[in-house]
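> Residue numbers (my numbering): 434 to 870.
Encoded as structure tokens, here's the structure I'll be asking about.
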Ligand code: XUL
Ligand code: CO
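Encoded structure:
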């Protein structure tokens, strides 16, 4: 069978001195960092939608990228060639996982039954390619936002018939994710939000979204799908105001609708920054609440303010993200999925390799630096010391809920003004700079 990436062979680790753009300088899959290999720490995944279906279109013009595997007028032939190209890419890059939306891998037909038949055909091929290459599915999901029926949302659509269509689609997407041995299933809100309150019943829409996700949990149990459910926060785009705004909003939503035990978060870097948070803030919030599951690895352009989905190259971001991941015990079912796309002018297939190699190297460096920070306990000691008052009998009594306002008033009246301490921020930032080099 002919190759889709003929000029590229399996990407090798050549070390930090290599000048070869098609080699890893830092990601050495079998090298141990702490007690696990880099491969097992980082669990890299390639996303299907940007890497194989994205052709560089933007609001001002159509795609700029021409791919050989699109060279047919038969959409199923294109789907099959694209899947073969994708598995060639995964193998040459040496990633362990991939992620997809149902409609990325198989084209939608005029009716749901035919669409499902098409999906089954491609899933059959995906199953055999997974077996041949050893590449596994990190998570699957459904595209509930591209078709015009979903213009007013899927689960939050004013029409129950659109809700029903979305339910049927998710049912099928979960079934094929299970069939492919997926380690997870993602719910990203798509168009679950609103553009104007003049035509929106917010309470009803939120209740419907809660109902929809509970129905998904019921179906998961029915078919015995053991993968992890994730919710992926995003504050805006495509709607002006998405209900899954950030990790905090999602956590409150999951609690209200009795879903917390069934979901973890899939945190995306660029979604965090769109919400006015740092990437690490969102990860830390999720970790603090025991719901950090997986990551969509990318970065935004802070001067632009939309979801630019660029490949991650910022060492501070990668380091601090891995610091939180390591402190919270590492990935279990999740991993680092490159939900990122090459720029519109990066029109050659080799650009896809450069992009992923750069992202993998950046996270490998982040992992190694973060592991050293964890092992040295430098920042951990500072934090512990800063809160040491809470480890005294006095502090513990408050934490355990055994103190009252009356007692605390009496203590303060007797002991006077509490001592204050420096936060040492500048010193700590300097120490961090010593790690990142
Ligand atoms: C959209 C986004 C999605 C989800 C999967 O911004 O991130 O691709 O990751 O639906
Ligand atoms: Co994403």
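Idealized CB from N, CA, C, for every residue including glycine.
All values reported here derive from a predicted model rather than from experimental measurement.
With residue 490 and residue 496 assumed to form a contact (beta carbons below 8 Å), what rounded beta-carbon distance in angstroms separates them?
Right, their Cβ atoms sit about 5 Å apart.
> What residue does the alpha helix (DSSP H) around residue 877 start on, and which one ends it?
Residue 877 lies beyond the range of the chain shown here (434 to 870); nothing can be said about it.
> Examine ligand 2 and report whether any of its heavy atoms sits within less than 7 Å of the Cβ of residue 665.
Yes, the Cβ of residue 665 comes within 7 Å of a heavy atom of ligand 2.
> Counting beta carbon pairs with one atom in the region 467–481 and one in the region 527–547, are three or more of them shorter than 8 Å?
These segments touch.
> Within the same chain, show all residues whose beta-carbon is closer than 7 Å to that of residue 601, passing over the 5 residues directly before and after it, in chain order.
The residues are 545.
> Name the residue from 725, 656, 709 and 755 whose alpha carbon lies nearest to the alpha carbon of residue 734.
When only C-alpha atoms are compared, the closest one is 709.
> When the distance is taken between beta carbons, is residue 768 closer than 8 Å to residue 396?
Because residue 396 is not part of the residues shown, which for the chain are 434 to 870, the question remains open.
> Considering only their Cβ atoms, is the gap separating residue 583 from residue 794 smaller than 8 Å?
No.
> Would you report the Cα separation of residue 655 and residue 628, rounded to the nearest angstrom?
Rounded to whole angstroms, residue 655 to residue 628 spans 36 Å at the Cα level.
> For residue 669, which three-state DSSP category applies?
Note: residue 669 maps to coil in three-state DSSP.
> What is the DSSP secondary structure of residue 824, counted as helix, strand or coil?
In this structure, residue 824 counts as helix in the three-state DSSP scheme.
> Assuming residue 588 contacts residue 599 under a Cβ cut-off of 8 Å, what Cβ separation, rounded to an integer in Å, is found between them?
Yes, they are in contact, since the Cβ atoms of residue 588 and residue 599 sit about 6 Å apart, within 8 Å.
> Counting only beta-carbon atoms, is residue 453 nearer than 8 Å to chain C?
Absent here is chain C; the protein component of the structure consists of one chain.
> Please report the residue range of the alpha helix (DSSP H) in which residue 696 lies.
First-last for residue 696: 696–701, but that is the beta strand (DSSP E), not the alpha helix (DSSP H).
> By the DSSP assignment, the beta strand (DSSP E) with residue 775 in it spans what residues?
Run containing residue 775: none; DSSP gives neither H nor E here.
> From the DSSP output, which residues share a beta bridge with residue 524?
Per DSSP, none; premise fails for residue 524.
> Specify, as a first and last residue, the run of the beta strand (DSSP E) that residue 569 falls within.
Residue 569 -> beta strand (DSSP E) spans 569–574.
> Could you check where the alpha helix (DSSP H) with residue 749 kicks off and where it finishes?
That run of the alpha helix (DSSP H) goes 748–760.
> Any heavy atom of ligand 2 inside 7 Å of the beta-carbon of residue 621?
Correct: residue 621 has its Cβ closer than 7 Å to ligand 2.
> Just to confirm before moving on: does the CB-CB distance between residue 774 and residue 740 stay below 8 Å?
No, the Cβ-Cβ distance between residue 774 and residue 740 is not below 8 Å.
> Please identify the residue among 776, 849 and 757 whose C-alpha is closest to the C-alpha of residue 488.
When each option's Cα is compared against that of residue 488, the closest is 776.
> Residue 566 and residue 592 - do their beta-carbons sit closer together than 8 Å?
No, they are not a contact pair.
> Please enumerate, following chain order, all residues with a beta carbon closer than 5 Å to at least one heavy atom belonging to ligand 2.
Qualifying residues come out as 701, 729 and 772.
> Residues in its own chain within less than 8 Å of residue 444 by CB, not counting five upstream and five downstream?
The residues are 455, 456, 457, 525, 526, 527, 786 and 790.
> Would the C-beta of residue 873 count as close to ligand 1, meaning under 7 Å from any of its heavy atoms?
Any property of residue 873 remains undetermined from this structure, which presents the chain solely from 434 to 870.
> Going by alpha carbons, who is nearest to residue 868 out of 807, 845 and 824?
Selected option, being the one with the closest Cα: 807.
> Determine the closest residue to residue 626 out of 596, 590 and 616, with distance taken between C-alpha atoms.
For residue 626, the nearest C-alpha among the options comes from 590.
> Measure the CB-CB distance between residue 617 and residue 572 and report whether it falls below 8 Å.
In this structure, residue 572 lies closer than 8 Å to residue 617 by Cβ.
> Would you call the region 713–727 and the region 751–765 in contact, with 3 or more CB pairs under 8 Å?
Judged by Cβ distances under 8 Å, the region 713–727 makes contact with the region 751–765, as three or more pairs qualify.
> Between residue 799 and residue 752, which are expected to be in contact by the criterion C-beta below 8 Å, what is the C-beta distance as a whole number of angstroms?
The pair is a contact, with the Cβ atoms about 4 Å apart (cut-off 8 Å).
> Output the distance between the C-alpha atoms of residue 658 and residue 556, rounded to the nearest integer angstrom.
Distance between the alpha carbons of residue 658 and residue 556 is about 17 Å.
> Compute the minimum distance between the beta carbon of residue 591 and the heavy atoms of ligand 4, and state whether it is under 7 Å.
Ligand 4 is not among the ligands present in this structure, which contains only ligand 1 and ligand 2.
> Entirely within the region 592–617 and at least 4 residues each: give me those alpha helix (DSSP H) ranges in chain order.
You should have 593–612.
> Exposed or buried, residue 844, counting other C-beta atoms within 10 Å across all chains shown (16 or more means buried)?
Classification of residue 844: exposed, given that the 10 Å Cβ count is below 16.
> Alpha helix (DSSP H) containing residue 785: first to last residue?
Here the alpha helix (DSSP H) through residue 785 covers 782–809.
> Out of 486, 468 and 498, point me to the one whose CA is closest to residue 871's CA.
Residue 871 lies beyond the stretch modelled for the chain, which goes from 434 to 870, so this question has no answer here.
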